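Offset between the sequence shown (1-based) and the numbering used here: plus 541. Here a beta-carbon is modelled for each residue, glycine too, at the ideal position from N, C-alpha and C. The model shown is predicted, which means the values in this text are computed figures rather than measured ones.
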Amino acid sequence: MRLTPGGASQKPSKLVKNTPLRKFIESKPCALCGLDNRHGRMASHHIKRVGAGGHDENNMIPLHWFSCHAIAHSMGPDKFQKKCGCDLKAYAIQLTDEYNQIEASNGKS
């Protein structure tokens with residue numbers, strides 16, 4: 542266990558983060574507003590929360606950090622998906638597949 546800044550204890554995460562995939566996701570335009578990283582920081586937003594067992598692969602979409610990412614967390618996944626007007630899980634799978642194809646063509650898979 543480790544202490545968080547507020548002093549509460551927290552179990553170490555067993556989740557292995559796929560940093561290259563996260564960087565790839567964050568290079569894409571926001572799934573909600575269409576802004577990209579030229580307009581501020583992007584976030585790789587997990588559709589299924591990590592704390593609920595969500596992983597990086599097939600589970601992340603790009604969101605503009607300061608606006609859309611906060612909206613996603615305040616609305617919850619079902620309402621947010623309706624606001625986006627698309628199947629977020631299908632989009633996350635598409636992005637992971639695209640990343641894996643690029644990695645395979647570069648000889649990294």
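How far does the alpha helix (DSSP H) with residue i in it reach, from first residue to last?
i, result
"residue 603", "Premise fails: residue 603 lies in the beta strand (DSSP E), 601 to 605, not in any alpha helix (DSSP H)."
"residue 563", "560 to 567"
By a C-beta neighbour count over all protein chains shown, 10 Å radius and 16 as the cutoff for buried, is residue i buried or exposed?
i, result
"residue 610", "buried"
"residue 607", "exposed"
"residue 549", "Caution applies to residue 549, whose pLDDT of 41 falls short of 50 and renders its modelled position unreliable; the model cannot decide the point."
"residue 646", "exposed"
"residue 603", "buried"
"residue 648", "exposed"
"residue 543", "Below a pLDDT of 50, predicted positions are generally treated as unreliable, and residue 543, at 37, falls in that range; no measurement from the model is reported."
"residue 628", "exposed"
"residue 551", "Since pLDDT at residue 551 reaches only 41, below the 50 mark, its modelled position is unreliable, and the value read off the structure follows with that caveat. Exposed is the call here."
What are the residues that DSSP puts in a beta bridge with residue i?
i, result
"residue 584", "604"
Could you tell me which of the options sits nearest to residue i, measuring between CA atoms?
i, options, result
"residue 617", "602, 588 and 640", "588"
"residue 559", "593, 600, 569 and 579", "600"
"residue 581", "625, 634 and 570", "570"
"residue 624", "612, 633 and 592", "612"
Original post:
Can you list, in chain order, the stretches of the alpha helix (DSSP H) that have 4 or more residues and sit fully within the segment 597 to 646?
Top reply: Whole alpha helix (DSSP H) segments, 4+ residues: 611 to 616, 618 to 625 and 629 to 646.
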